[in-house]
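For reference, the structure discussed in these notes is given below.
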Amino acid sequence: MKQIHLAAHFPGVNNTTVWSDPRAGSHIEFSSFAHFARTAERAKFDFLFLAEGLRLREQGGEIYDLDVVGRPDTFTVLTALAAVTERIGLTGTINSTFNEPYEVARQFASLDHLSAGRAAWNVVTSWDAFTGENFRRGGFLPQEERYSRAKEFLATATELFDSWHGDEIVADQESGIFLKDAQAGAFVHRGQHFDIAGRFNVPRSPQGRPVVFQAGDSDEGREFAASSADAIFSRHSTLEAGREFYTDVKRRLAHHGRTHDQLLILPAATFVLGDTDAEAQELAHEVRRQQVSGQTAIKYLEHVWNRDLSGYDPDGPLPDIDPDPGEHTIARGRASVRMFRDPVAVARQWRERAEAENLSIRDLVIETTGRQSFIGSPATVAETINTYVQTDAADGFILVPHITPSGLDDFADTVVPLLQERGVFRHDYTGTTLRDHLGLPHPDTRAEPEAEAQVRGLG
Amino acid sequence: MSAPSPLHLAVALDGTGWHPAAWREPGARPDDVFTAGYWAGLVAEAERGLLDFVTFEDAFGPQSSHVTEPDERTDQVRGRLDAVLIAARVAPLTRHIGLVPTVVATHTEPFHISKAIATLDYVSTGRAGLRVQVSARQNEAAHFGRRTFPSLRAEDRDTPAGRELIAELFEEAADHIEVVRRLWDSWEDDAEIRDVVTGRFVDRDKLHYIDFEGRHFSVKGPSITPRPPQGQPVVSALAHQSVPYQLVGRSADIGYVTPHDTDEARAVVAEIRAARADSGRAEEPLHIFGDLVVFLDDDPTAAADRKARLDGLAGYPYTSDAQIFTGTPGQLADLLLERRRAGLSGFRLRPGAIGHDLERITRGLVPELQRRGAFRHAYEADTLRGLLGLARPANRYAAV
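Protein chains in written order, with the UniProt record's numbering: chain A, 1 to 459; chain B, 1 to 400.
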C-alpha cells in the first residue's frame, strides 16, 4: 500500500478563504501561522506551504477588495515557524523573476540551517510588467524567457548550494584550522541570464539543498518539473484527469534520467467535513455560497468578458454580449486570468452550459470554479483520499482549508486517525528532515569540481 | 540639574565575536554558529541583561581580513546565515529585546526588505529594526552580476573616484530607506475592515501607491504586507564620515558612530545633529550610539592579556574602526558615562569574544550601570520603539 503524503496550505489571497466567517482569524498575525503549523505538525503532515504575492491584485483599475488582501513575507514567517515547530517541512513560493540567485540561495540555505533540514522551495516564474513595477529591474522579462530564466535560476542556485560539500568546516580550536578548504563555496556561472562568480557564504545545509517544488500545468511546466523538481503541485478535479496528469508527468521522468519515485505529485484540494455525508454536502453548499458572493461572481465573469459587468444581476442569466478582445486585461496580478486563452469560446461554452442546466451567473461560477474537493464524513473523505493515492491519481494532497487558522483542526482530529488505522499514513515522523518525510534521497554534491574534472578529461 | 536619561545598550552579534581569533576561546562554540540554538542562546542572554536590542551582522560574501577584498585564510570563521532570518528564528523565543538585522541596500530590493522587516515586526510583535549597510566590494557585486565597481582600496576612499562611489552608494541607500518607509506606510493602520455587509475585506482608499521615482529605484506599491505593529520599525546605520553622517541625519532613527574619545564624540554628534536639522527633521528624535569593541574581565590586565593572546593566535594585532576597550565592567561604565556627556544616548558593544564578553556585559556591566542609576532594572515596554522612547509615527498617507 502506498503511503499518503499530506501537506497544508495556509489559506490566503483568494476567494476560497472565507474571511467573513465568525471563526476566521487574522491572516497576518504570527499566532495564526503558529496555530496552523502546530496543527499540521500534530497531524504529522509532511509540510506546510505558503504562497507569495508581489503586487496587490487590481480589477478595473482599482485594488481588488473582496478577498483577503495582504500577506507576510514568506521567508520571514517560515523561519519564525521553525521556532515553534520541530519536524514539519516549511515550504515557500519564491519568484525567480524578481530575485537574484545568490540572495535566494542564501535565504533557503539559511532557512534549512535554522530549521535543521526542513526547507522547501516552490519555484515560480513571472514576467508581467505589472508586478515588475515594484522592483528595480522592472518588467523586463519577455514572456518566452520565463522558463528559461527559471531553469537557469534554479540551476544556478543549485550550483551555489553544491559549492560547499559539507565537510569543509573543521573548527579545530587547538590547531586553529576553521576551514579545511580556502576555496569553500567557490563558484563560476556563466549563462544567458546570470553571469556570476565568487564564493557562496553559507555552508552546506542539513538537507544539502532545499526540496524543490514546482507548479504549472503547461507542457513546459511539466517538463521543468520532470527535469528538476522533487514534487509538483497540480490542480485536477477528477480522478480521471488526475490519473492522466500523473501518468504523463511520471512518464516524462525517464527522459531526464530519473526514476518514478523521484517526483511526487501533490494536487491541491479543499475539503468540507460533516458528521454525515449529507450534512457535509449541505455545509459545502453553504461554504460555496460564502466563497462566491454575487459580487465575486460578477468580478470573476469579468475576467473572461474583459469588461465591466457590474450592471448584471448575479442571479440572472449570463451576458449575451461577447467578451472585449482588447489587449488590456481588466484584472491584473491574477494567475488564473491566463487560463482563458480564447475568451470568446469560453463565453460561448459557459452560456451554453448555463442555458442547458438553467444556471444563474453565480451558479455557473460556483460550478466552474470548484476545485478538487473532498466532501463528506471523515470516513468518506479518508476513503476518497486513499482511493486517489492507491489508484495513482496522486501521491498525496495539499489541503487548503477555507477558514484561517483553525480550518485544519477537524481534519487532524478526525480524518488523520482513520488514515493511520488503514496503515496508509504515518503515526509519527520517522525522520527529522523534509526529505525524510517525503522519502527523497539526500542529494550528492559533485564528487569533484567541474573544472578539475575537465582538466583530467583532457589529460 | 535633572538626572540624565538612562543609557541605552545594544550588543552587536557577529559569529563568535569581533576578534578574528575569538572562535578559539574556550566557550566559543564555533561548531554551533550555523545552528538556531546558538543564536537563540545569545539573544536570550542579551535579553536576561535587559539590553535594548541586538544587531546581527551580514554581508553577501565571506568574511575577510582585508577591508575591501576577499582573502583565502582558513584560520578564521568564514560563512554566515542571513541576518533577517536569524532574527526571525529567535523572535518567537524572546519577549522584550529588539531585533535588528543588517540589510545590504546595494544589492537588495526595497520591496522585499520592506515586507521582510514588516514581517519581522509581526513575528516579534513590535520589536523589529534594521541596520542599513552599503557594499562597495567588487567580489560581492560579482555575486550579483548586475553592476561593477572600481577597485577601491581602503586608502583610495578619499580620491575623487572613491568619493564618487561612496556618494552614489549612500544616495542609493537613502532612496532604499525612503522606499522601505513609504511601503510601511502604504497601508493605513485601519485599512482592513472586513465589512460583511458590503463584502469588502479592505477599504481600498486606505491603501496607497507610493509612486517612488528615483535614480536607482522606481517602486509603485502598495506593500503586500500591512503596516507593521510599530508603524515604522527602527532604522539604523553605522557611519564613519560625512556622507554617511548625512544619511543618518536624514534617514535614520539610530546612528552608530565610532569616536575614540569624548571630544571626537562631541564633534560627530554635532555634525549629525546639523545634518538632521538641514534635512528639516530637527524635532524628530534621533539616537546616536557609540560603538565599542569590548574585552571585559574583572582584572584589567586579564582583559588586555586576553586580547593579546587572541592577537597572537590571529598572527596580527586586531584593529577596528571602533575604539577597542580592554578592562573591567566598572571601567567601561566610567567610560560610557563620560562619553554620554558628549551627547551619545547609547552604546552598541561589540563583544571581542562572544562566549566570554557577552556575559561580562549582561552580568557585569549591566549591574554596574544599574548601581549607578544609569540603566533599567526591568523592561518598561514591549516594543523596540517603546524601549528607545520613540513614539509610534503617524502614517504619512493618512488623511488628517
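Note that CB positions come from ideal geometry on N, CA and C, so glycine has one too.
Whether residue i touches residue j by CB criterion (9 Å)
{"i": "Gly294(A)", "j": "Pro314(A)", "result": "yes"}
{"i": "His240(B)", "j": "Thr258(B)", "result": "yes"}
{"i": "Phe30(A)", "j": "Val234(B)", "result": "no"}
{"i": "Leu253(A)", "j": "Val212(A)", "result": "no"}
{"i": "Ala88(B)", "j": "Thr76(A)", "result": "yes"}
{"i": "Thr158(A)", "j": "Ile196(A)", "result": "no"}
{"i": "Ser186(B)", "j": "Tyr397(B)", "result": "yes"}
{"i": "Pro92(B)", "j": "Ile117(B)", "result": "no"}
{"i": "Leu9(B)", "j": "Leu390(B)", "result": "no"}
{"i": "Arg48(B)", "j": "Thr383(B)", "result": "no"}
{"i": "Gly343(B)", "j": "Val294(B)", "result": "no"}
{"i": "Ala43(A)", "j": "Gly12(A)", "result": "no"}
{"i": "Arg199(A)", "j": "Gln183(A)", "result": "yes"}
{"i": "Ile97(B)", "j": "Ala46(B)", "result": "yes"}
{"i": "Gly89(A)", "j": "Leu301(A)", "result": "no"}
{"i": "Val219(B)", "j": "Phe111(B)", "result": "yes"}
{"i": "Pro317(A)", "j": "Arg307(A)", "result": "no"}
{"i": "Ser110(A)", "j": "Val249(A)", "result": "no"}
Option in the options with minimal Cα separation from residue i
{"i": "Glu359(B)", "options": "Gly17(B), Pro6(B), Leu7(B)", "result": "Gly17(B)"}
{"i": "Glu58(A)", "options": "Thr74(B), Asn139(B), Val202(B)", "result": "Val202(B)"}
{"i": "Asp357(B)", "options": "Arg385(B), Leu387(B), Phe325(B)", "result": "Phe325(B)"}
{"i": "Ala40(A)", "options": "His285(A), Thr404(A), Thr259(A), Leu440(A)", "result": "Thr404(A)"}
{"i": "Ile321(A)", "options": "Ser126(A), Val304(A), Thr387(A), Tyr64(A)", "result": "Val304(A)"}
{"i": "Arg273(B)", "options": "Val293(B), Leu292(B), His260(B), Leu247(B)", "result": "Leu247(B)"}
{"i": "Asp172(A)", "options": "Ile354(B), Asp190(B), Leu313(B), Arg372(B)", "result": "Leu313(B)"}
{"i": "Ala304(B)", "options": "Leu7(B), His19(B), Arg204(B), Val11(B)", "result": "His19(B)"}
{"i": "Asp409(A)", "options": "Ile28(A), Ala215(A), Thr79(A), Phe45(A)", "result": "Phe45(A)"}
{"i": "Leu50(B)", "options": "Asn395(B), Glu284(B), Asp205(B), Leu388(B)", "result": "Leu388(B)"}
{"i": "Ile4(A)", "options": "Pro441(A), Gly407(A), Thr384(A)", "result": "Thr384(A)"}
{"i": "Ile166(B)", "options": "Pro329(B), Val103(B), Val243(B), Leu207(B)", "result": "Val243(B)"}
Span of the alpha helix (DSSP H), counted from its first residue to its last, around residue i
{"i": "Glu145(A)", "result": "Segment: none, Glu145(A) is in no alpha helix (DSSP H) and carries neither H nor E."}
{"i": "Gln323(B)", "result": "Gln323(B) -> not in any alpha helix (DSSP H); beta strand (DSSP E) instead, spanning 323-327."}
{"i": "Asn139(B)", "result": "138-142"}
{"i": "Gly162(B)", "result": "160-185"}
{"i": "Leu130(B)", "result": "From DSSP, Leu130(B) is part of no alpha helix (DSSP H) but of the beta strand (DSSP E) over 129-133."}
{"i": "residue 499(A)", "result": "Limits of chain A in this structure are 1 at one end and 459 at the other, which puts residue 499(A) out of reach."}
{"i": "Ala370(B)", "result": "Just to set this straight, residue 370(B) is Gln in the shown sequence, not Ala. 366-371 is the span of the alpha helix (DSSP H), which, as asked, contains Gln370(B)."}
{"i": "Val68(A)", "result": "Val68(A) -> no alpha helix (DSSP H), and no H or E assigned at all."}
{"i": "Arg437(A)", "result": "As written in the sequence, residue 437(A) is His, which differs from the Arg given in the question. Start and end: 434-438."}
{"i": "Pro441(A)", "result": "That residue, Pro441(A), is in no alpha helix (DSSP H); it is neither H nor E in DSSP."}
{"i": "Gly280(B)", "result": "Premise fails: Gly280(B) is in no alpha helix (DSSP H) and is neither H nor E."}
Counterpart residues of residue i in DSSP-defined beta bridges
{"i": "His189(A)", "result": "Ile196(A)"}
{"i": "Thr270(A)", "result": "Ser373(A)"}
{"i": "Tyr256(B)", "result": "Leu238(B), Phe289(B)"}
{"i": "Asp195(B)", "result": "Arg200(B)"}
{"i": "Ile177(A)", "result": "Asp172(A)"}
{"i": "Phe135(A)", "result": "According to DSSP, Phe135(A) bridges with nothing at all."}
{"i": "Ser124(B)", "result": "Answer is none; Ser124(B) lacks a bridge partner."}
{"i": "Pro101(B)", "result": "Phe56(B)"}
{"i": "His9(A)", "result": "Phe49(A)"}
{"i": "Gln76(B)", "result": "BP columns for Gln76(B) are empty, so no partner."}
{"i": "Phe264(A)", "result": "Strictly speaking, residue 264(A) in this sequence is Leu, with Phe absent from that position. Leu264(A) pairs with Ala231(A)."}
Assumed close pair residue i, residue j - CB separation to whole angstroms, cut-off 8 Å
{"i": "Asn134(A)", "j": "Arg71(A)", "result": "Not a contact, Cβ separation roughly 14 Å."}
{"i": "Ile265(A)", "j": "Ile232(A)", "result": "6 Å"}
{"i": "Arg182(B)", "j": "Ile210(B)", "result": "4 Å"}
{"i": "Phe289(B)", "j": "Gly373(B)", "result": "Between Gly373(B) and Phe289(B) the Cβ distance is about 20 Å, and since that is not below 8 Å, they are no contact."}
{"i": "Pro206(A)", "j": "Gly117(A)", "result": "3 Å"}
Host beta strand (DSSP E) of residue i (start-end)
{"i": "Arg348(A)", "result": "No beta strand (DSSP E) contains Arg348(A), which is instead part of the alpha helix (DSSP H) from 343-357."}
{"i": "Glu39(A)", "result": "Per the sequence shown, the amino acid found at residue 39(A) is Thr instead of Glu. That residue, Thr39(A), is in no beta strand (DSSP E); its alpha helix (DSSP H) goes 30-42."}
{"i": "Ser234(A)", "result": "231-234"}
{"i": "Thr91(A)", "result": "89-95"}
{"i": "Gly346(B)", "result": "346-351"}
{"i": "Ala120(A)", "result": "119-124"}
{"i": "Gln214(A)", "result": "211-215"}
{"i": "Ile398(A)", "result": "396-399"}
{"i": "Thr12(B)", "result": "For the record, residue 12(B) in the displayed sequence is Ala; it is not Thr. That run of the beta strand (DSSP E) goes 8-13."}
Chain-ordered neighbours of residue i on chain C, where CB pairs are closer than 9 Å
{"i": "Gln232(B)", "result": "Among the protein chains of the structure shown, namely A and B, there is no chain C."}
heavy atom of the ligand ZN below 8 Å from residue i C-beta
{"i": "Glu164(B)", "result": "Among the components modelled here there is no ligand, and therefore nothing to report on the ligand ZN."}
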